[in-house]
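Undergrad: Residue numbers (the working numbering), protein chains in the order written: chain A, 987 to 1150; chain B, 6 to 379; chain C, 476 to 823; chain D, 217 to 402.
For every residue, glycine included, the Cβ atom is placed at its ideal position computed from N, Cα and C.
Just so it is clear, the structure is predicted and the values come from calculations on it, not from any experiment.
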Amino acid sequence: MKRYFKDIFQSIWTVLQGMKITGLHLFTRSCTLQYPSVKWELPERSRMRLFNKIEDCIGCGQCVRACPVDCIYMTTEKRNKEEPPIFAADGTPIKLRVTQFDIDMSLCCYCNLCTYPCPTHCLVMTPEYEFAVQAKQDFLYRFAKDEPQAPPKPAPSPRPAGAR
Amino acid sequence: MQVEAYAGEEMVLNMGPQHPSTHGVLRLELETDGEIVRNVIPHIGYLHRCFEKHAENIDYPGVIPFCDRMDYIASMNNSLGYALAVEKLMGLEVNERVKTLRVLMAELNRIASHLLSIGTYAMDIGSFTPFLHCFREREKVLDLFEWLCGARLLYNYNWVGGVSHDIPEGFEAKTREFMTQFEPVIAEMDKLLSYNKIFLERTADVGIISEEQALSHNVTGPNLRGSGIAWDLRKEEPYCGYETYEFEVPVGLGEHGPLGSCWDRYYVRIREMEQSLGLIRQALDRLPEGDVHEHIPRRVRPAKSEVYDRTETPRGELGYYLVSDGGLIPFRVKVKSPCFTVLSLLPAIAKGGMVADIIAIIGSIDIVMGEIDR
Amino acid sequence: MEYLRELLTQQVAGYDQLPEVLQIFLPMLLACLLCLGLVAFIPLVAIWGERKVSAHMQDRLGPMRVGGWHGWAQTIADGVKLLLKEDIVPAQADRLLFKLAPLVVFAGGFAAFVVLPFGESFIVSDLNIGVLYIAAISSLGVVGIIMAGWASNNKYALFGGMRAAAQIVSYEIPTVLAILTVVIPVGSLSMQEIVRAQSGGVFNWFIFQPVTFLAFWVVYLGTLAEVNRTPFDIPEAESELVAGYHTEYSGMRFAFFFLAEYANMFLVSALATTLFLGGWHGPGFLPGPAWFILKATALVFVQMWLRWTLPRLRVDQLMHVSWKVLLPISFLLVLAAGTLALWREGSP
Amino acid sequence: MKQASEILQTLQEQFPDQIAKSSQECLQPFVVVAPGAVAEICAFLKNDPALAFDTLMCLSGVDYKGSKTEPERLEVVYHLFSMRHRHKMVLKVELPREDPALPTVEAVWAIANWHEREVYDMYGIHFDGHSDLRRILCPDDWVDYPLRKDYVQPETYRGMPAAADKQFAERAQEGEDLGTDPYQAG
């Protein structure tokens, strides 16, 4: 019997305590950010959209090897000796012509593993986060500007499923 | 006699895989007799993403983003376990700054993870407000992480032999600021939820895991400690220098009903957040100088060997069994998930309860399907 | 209604020339339309209010965009969206019952508005059994809920329907018993009579009288359970039963359930206001109807406050609260009220 | 607390014929036992008061086909731990790749039930006497065992394509026109 009344009392008391807390929260400042009108400033390390400054790319393919989900596709060919020498922004000589540098952003897992090995730091993840598109194929970012000059090699046979 | 006459009255209720409170895509086959649940059959695998097969096809550092995606609530802890296992395989020793940063991030992540687990548990029991209060706090931790490494959920922070980023300038002060304003929130949560009579009634004598069951089913983490066993890998098998920190291991005391109930497990998590705060404070105080990339190997290529290494994640003991054949890619990566083992206990503890109790139990064992199904 | 007829006779030229049938029928129609307007309008405001209250309790802002000022038009936009949605009836459902159920639930709440005394003369019909009528008609909703649960042919819905039936029937008993403690001293079942009995200052309200003070809380809890609000919202417990009895409903049919829920919230608050809080009585600077609505709104706010604070009970605990806590208390209260009335009669 | 060598010694005394081989030099010492005796040995390991391996930390399968260093075989690995004495051991069972089977240890540690189901699902190793040997992660009617090294992913599952489509980049390289690249355009 004693327990019965104790239970009733406890129920009422704890309910009132809870109501006090929620009641106080009615008057605290809310932490909502009104998104489309107020935009979030992301920190500089934010890993969002990938960007490649193709002028600095030397075509070494380290990013392609690092990518755990294979979303970077690269084709290169040797530049002719006769062509004028070009250099990346940090002075690295560019010996390969990058004819394909495709990033399929719909496959990207935003792990940032591709940007670390990049010797000229031309591949970066930018803090830009609004890049939704209407069609999935528009997520294929094609950075290469050079056209292949040598006759194209026969297309490689498709990767067997489950293997690398 | 009576029971037999009504034997045909049982109904099979298919709960999940799309259900608001099965914490992902768990499917439960319930045999119900009115509100009473006669039998529970869990069906898992709806979130199977072939982690182990993937891992056999990528180089060692490439596995880390996939580790993050197993227990996506506690990514820092997941990748930490993997990084430690690979380091053990290679016999690699990291410097003190890396160790301290790892502890710091693991504990921050533990707070974030427990906040989510407590919040969703409140929602399972029917209380919405604590859920959003928890999420508000969790966002602050995630903001810190984003500032640190650029991602909010899947960090890819712990690398083999180091961490990806050193902390940015002002990170310490910001973390301390977070801690000062977070401490009162725990007290508020106690008042709003933990000691609420309805919450106690719903959880305090439901889903009891006995000590024997817990050991036989290899229940670990807060679920084990809720049953009164003071077992924490950070104390028993210290890694990352946990032995040099001062902290307590909270255990369930059975204050409100039998020991090992849902409420005990829930309350262990609340108390663990307090301990984590202490750990973060110690880590911030000592933070030694050093280069976080100092020991990162150019090429991760362990010699032929194998190792089973386990760490204490917010959900319990996460084990990695790595087999290396001396190549650049792991020969075998097996993950022992803490949620997997505790979920296997669900039929035993849920039988005879009510439909509402099933929800209370699933919430209290704090499962993440991504880790169970891998 | 008599008031409306008088008003029409005075204001509209030639109204008394109309056929007798029309003279009676037109005020009826007008009253009905007014009620319908109220039943549709109150939930719109209440839903917006609930979203705002919940949001601010959770440190959010809630709807902010539609309509400009604090998203006031959000519910209207939602209503339009629900109207335009495809009407889906599950293939295996009992089509007739499935379609009928939301209407039954809605009609129950709607019909009860007839006897609510908004003001001294603002009442559609002052039935002499008003309290009994409200108790009876508001329980009609449970029939609709069971229909919905059964007709959906969904196990969650069935669970919800069964839970609702058990819950509403159990809580009806202590509620009605506690209401009796008001009826005994007044000596009438008419809503207006009850309000009039509380005239003459705040302390004549029944909430400030010895026995009826406790009865108020019993009625409040009981009606909270009858309208399926937290902590008694097990029929639609979304974390257990997905959405309970309206799991399979969408579009306009779902909107009916939704409207009915909020209309019922207002209804039971208005009932408690009438019985215990002095109805339309209040200091003279506001008209009677304003006081009535203000008081009822305050009670609705407390309902929302409770919902965003408390977890949900389990079925057996719910029954425990009804049969083992509220019922004994309400019996004692009836006994006390009767004794008090006899004692007062004996010693004038 | 017992060292691995002491545990091995106890086992060798108790089951002299069943210990196939053991290694003490590697990172984590292990003992390989005969497949038929595994349930018996596990029961002993758990019930012997001096050993008292009361938890099964992990139970994994390994397929050694294609390994550069190991002979071709299947392996089931038991990682045991004693909460009471705080010592560990690794128990291994080697099995042929054709029709592998061994007794279940479900009766010793309840968790083995699910672990063994997973190994069965992924490697097709049969656990004799298991109470509920169904697939656990894959659908019940999935063919073949995915974690075997020679596993080939089926083209379709129940009429649904199971392999991934050709990626956009590959299609673009083959000359398909995918429209303008929004990144370059804007």
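Shorter than 7 Å from the beta carbon of Cys1017(A) to some beta carbon of chain B?
TA: Looking up residue 1017(A) in the first sequence gives position 31. Taking 7 Å as the threshold, the shortest C-beta distance from Cys1017(A) to chain B falls below it.
Undergrad: Roughly how many angstroms lie between the CA atoms of Gln549(C) and Leu536(C), to the nearest whole one?
TA: Translated into the one-based positions of the third sequence, residue 549(C) becomes position 74. Translated into the one-based positions of the third sequence, residue 536(C) becomes position 61. Whole-angstrom Cα-Cα distance: 13 Å.
Undergrad: What is the DSSP secondary structure of Cys1100(A), reduced to helix, strand or coil?
TA: Numbered from 1 along the first sequence, position 114 holds the residue referred to as residue 1100(A). Cys1100(A): coil per DSSP, three-state reduction.
Undergrad: Determine, using beta-carbon pairs with one atom in the stretch 288 to 297 of chain B and one in the stretch 306 to 314 of chain B, whether at least three such pairs fall under 8 Å.
TA: Flag = no, the stretch 288 to 297 of chain B and the stretch 306 to 314 of chain B do not touch.
Undergrad: Taking three-plus beta-carbon pairs below 8 Å as touching, is the stretch 298 to 317 of chain D in contact with the stretch 351 to 362 of chain B?
TA: Between the stretch 298 to 317 of chain D and the stretch 351 to 362 of chain B there are fewer than three C-beta pairs closer than 8 Å, too few to call the two in contact.
Undergrad: May I ask you to check if the CB of Phe1087(A) is nearer than 6 Å to at least one heavy atom of the ligand ATP?
TA: Ligands in the displayed structure: none, and consequently the ligand ATP is not present.
Undergrad: Between Arg638(C) and His795(C), what straight-line distance do the alpha-carbon atoms span, to the nearest angstrom?
TA: Stepping through the third sequence from its first residue, residue 638(C) is reached at position 163. Stepping through the third sequence from its first residue, residue 795(C) is reached at position 320. Computed Cα separation, rounded: 14 Å.
Undergrad: Could you work out which residue in Glu322(B), Met194(B), Gly358(B), Pro66(B) is closest to Val91(B) when comparing CA atoms only?
TA: For the purposes of this step, residue 91(B) is taken as residue 86 along the second sequence, with counting starting at 1. Checking every option, the nearest Cα to that of Val91(B) belongs to Pro66(B).
Undergrad: My understanding is that Ile4(B) touches Val347(B), with C-beta atoms under 8 Å, so please give their C-beta distance in whole angstroms.
TA: Residue coverage of chain B in this structure runs from 6 to 379, which leaves residue 4(B) outside it and unanswerable.
Undergrad: Pull up the CB-CB distance for Thr320(D) and Phe297(D), whole angstroms please, since I reckon it's below 8 Å.
TA: Locating residue 320(D) in the fourth sequence gives position 104, counting from the first residue. Locating residue 297(D) in the fourth sequence gives position 81, counting from the first residue. Not really, about 20 Å apart at Cβ, beyond 8 Å.
Undergrad: To the nearest angstrom, how far is it from the Cα of Lys630(C) to the Cα of Leu18(B)?
TA: For the purposes of this step, residue 630(C) is identified with residue 155 of the third sequence, where counting begins at 1. For the purposes of this step, residue 18(B) is identified with residue 13 of the second sequence, where counting begins at 1. Taking the straight line from one Cα to the other gives about 7 Å.
Undergrad: Could you name the residues of the same chain whose beta carbon sits closer than 6 Å to that of Ser80(B), not counting the 5 residues immediately before and after it, in chain order?
TA: Along the second sequence, read from residue 1 onward, the residue named residue 80(B) stands at position 75. Only Asp73, Leu159, Tyr160 meet the Cβ criterion.
Undergrad: Determine which residues of the stretch 797 to 814 of chain C have a Cβ less than 7 Å from any Cβ of chain A, and write them out in chain order.
TA: Val800
Undergrad: Please compile the residues from chain B whose C-beta is within a distance smaller than 7 Å of the C-beta of Lys574(C).
TA: Here residue 574(C) refers to the residue found at position 99 of the third sequence. Near Lys574(C) there are no residues of chain B at all, since even the closest Cβ is about 25 Å away, more than 7 Å.
Undergrad: By the three-class DSSP mapping on this structure, what secondary structure does Arg1150(A) have?
TA: Here residue 1150(A) refers to the residue found at position 164 when the first sequence is read from its first residue. For Arg1150(A), the predicted model reports a pLDDT of 43, less than 50, meaning its position is unreliable and no value from the coordinates is stated.
Undergrad: Does Ala379(D) come out as helix, strand or coil in the three-state DSSP assignment?
TA: On the fourth sequence, position 163 is the one that residue 379(D) refers to. It is coil, neither helix nor strand.
Undergrad: Can you tell which of Glu299(B), Glu279(B), Leu153(B) has the C-alpha that lies nearest to the C-alpha of Glu188(B)?
TA: On the second sequence, residue 188(B) is found 183 positions in, with the first residue counted as 1. Glu188(B) has its Cα closest to that of Glu279(B), out of Glu299(B), Glu279(B), Leu153(B).
Undergrad: Label Ile998(A) either buried or exposed according to how many other C-beta atoms from any shown protein chain fall within 10 Å of its C-beta, with 16 as the threshold for buried.
TA: Working through the first sequence from its first residue, we reach residue 998(A) at position 12. Exposed, because fewer than 16 other Cβ atoms sit within 10 Å of the Cβ of Ile998(A).
Undergrad: Would Leu536(C) pass as an interface residue toward chain B - the criterion being a Cβ-Cβ separation below 7 Å?
TA: Here residue 536(C) refers to the residue found at position 61 when the third sequence is read from its first residue. No - not a single Cβ of chain B is within 7 Å of the one on Leu536(C).
Undergrad: Using a Cβ-Cβ distance cut-off of 7 Å, determine whether Leu1126(A) contacts chain G.
TA: You won't find chain G in this structure, because its protein chains are A, B, C and D.
Undergrad: Residues of the stretch 1069 to 1095 of chain A with a CB closer than 9 Å to any CB of chain D: list them in chain order, please.
TA: Sequence-ordered contacts of the stretch 1069 to 1095 of chain A with chain D read Gln1086, Asp1088, Ile1089, Asp1090, Met1091, Ser1092, Leu1093 [C-beta pairs closer than 9 Å].
Undergrad: Go ahead and label Glu112(B) buried or exposed: buried means 16 or more other beta carbons lie within 10 angstroms of its beta carbon, across all protein chains shown.
TA: Here the question's residue 112(B) lines up with position 107 in the second sequence. The residue is buried, with at least 16 neighbouring Cβ atoms inside 10 Å.
Undergrad: Please confirm if Gln1048(A) has its CB atom under 7 Å from at least one CB of chain B.
TA: To locate residue 1048(A), count along the first sequence from 1; it is residue 62. At a cut-off of 7 Å between beta carbons, Gln1048(A) makes no contact with chain B.
Undergrad: Do Asp195(B) and Ser283(D) count as a contact pair if the criterion is CB distance below 7 Å?
TA: Within the fourth sequence, residue 283(D) is the residue found at index 67, counting from 1. Within the second sequence, residue 195(B) is the residue found at index 190, counting from 1. No, Cβ-Cβ distance for Ser283(D) and Asp195(B) is not below 7 Å.
Undergrad: Taking a contact to mean a Cβ-Cβ separation below 7 Å, would you say Gly226(B) touches Pro343(B) in this structure?
TA: One-based indexing of the second sequence puts residue 226(B) at position 221. One-based indexing of the second sequence puts residue 343(B) at position 338. Cβ atoms of Gly226(B) and Pro343(B): closer than 7 Å.
Undergrad: State the start and end residues of the unbroken beta strand (DSSP E) segment that holds Leu33(B).
TA: Here residue 33(B) is taken as the residue at index 28 of the second sequence, counted from 1. Residues 32 to 38.
Undergrad: The beta strand (DSSP E) that contains Cys274(D), what's its start and end?
TA: The sequence position of residue 274(D) within the fourth sequence is 58, counting from 1. Taken as a continuous stretch (DSSP letters only), the beta strand (DSSP E) holding Cys274(D) covers 271 to 279.
Undergrad: Hey, would you say Gly636(C) sits closer than 7 Å to Tyr720(C), going by beta carbons?
TA: As a working note, residue 636(C) is residue 161 in the third sequence. As a working note, residue 720(C) is residue 245 in the third sequence. The Cβ atoms of Gly636(C) and Tyr720(C) lie closer than 7 Å to each other.
Undergrad: Per DSSP, which residues does Arg315(B) bridge with? Please list them.
TA: Position 310 of the second sequence, counted from the first residue, corresponds to residue 315(B). Arg315(B) pairs with Gly324(B).
Undergrad: Mind checking Glu1041(A): buried by the 16 CB within 10 Å criterion, or exposed?
TA: Here the question's residue 1041(A) lines up with position 55 in the first sequence. Exposed is the call here.
Undergrad: Residues in its own chain within less than 7 Å of Trp164(B) by CB, not counting five upstream and five downstream?
TA: Along the second sequence, read from residue 1 onward, the residue named residue 164(B) stands at position 159. So the qualifying residues of the chain are Pro66, Ile69, Ala88, Ile301.
Undergrad: Please classify Ala700(C): does DSSP put it in a helix, a strand, or coil?
TA: On the third sequence, residue 700(C) is found 225 positions in, with the first residue counted as 1. DSSP places Ala700(C) in helix when its eight states are reduced to three.
Undergrad: Need the endpoints of the alpha helix (DSSP H) that Phe581(C) sits in, please.
TA: In the third sequence, the residue the question calls residue 581(C) occupies position 106. First-last of the alpha helix (DSSP H) with Phe581(C): 570 to 587.
Undergrad: Where do the N-terminal and C-terminal ends of the alpha helix (DSSP H) with Thr656(C) fall, by residue?
TA: Here residue 656(C) refers to the residue found at position 181 of the third sequence. Element bounds for Thr656(C): 630 to 661.
Undergrad: Relative to the C-alpha of Leu509(C), which residue among Asp534(C), Tyr490(C), Phe593(C) is closest?
TA: The residue you call residue 509(C) lines up with position 34 of the third sequence. The candidate whose alpha carbon is nearest that of Leu509(C) is Phe593(C).
Undergrad: Would you tell me roughly how many angstroms separate the C-alpha atoms of Met532(C) and Leu1099(A), rounded to the nearest one?
TA: If you number the third sequence from 1, residue 532(C) lands on position 57. If you number the first sequence from 1, residue 1099(A) lands on position 113. The straight-line gap from Cα to Cα measures roughly 42 Å.
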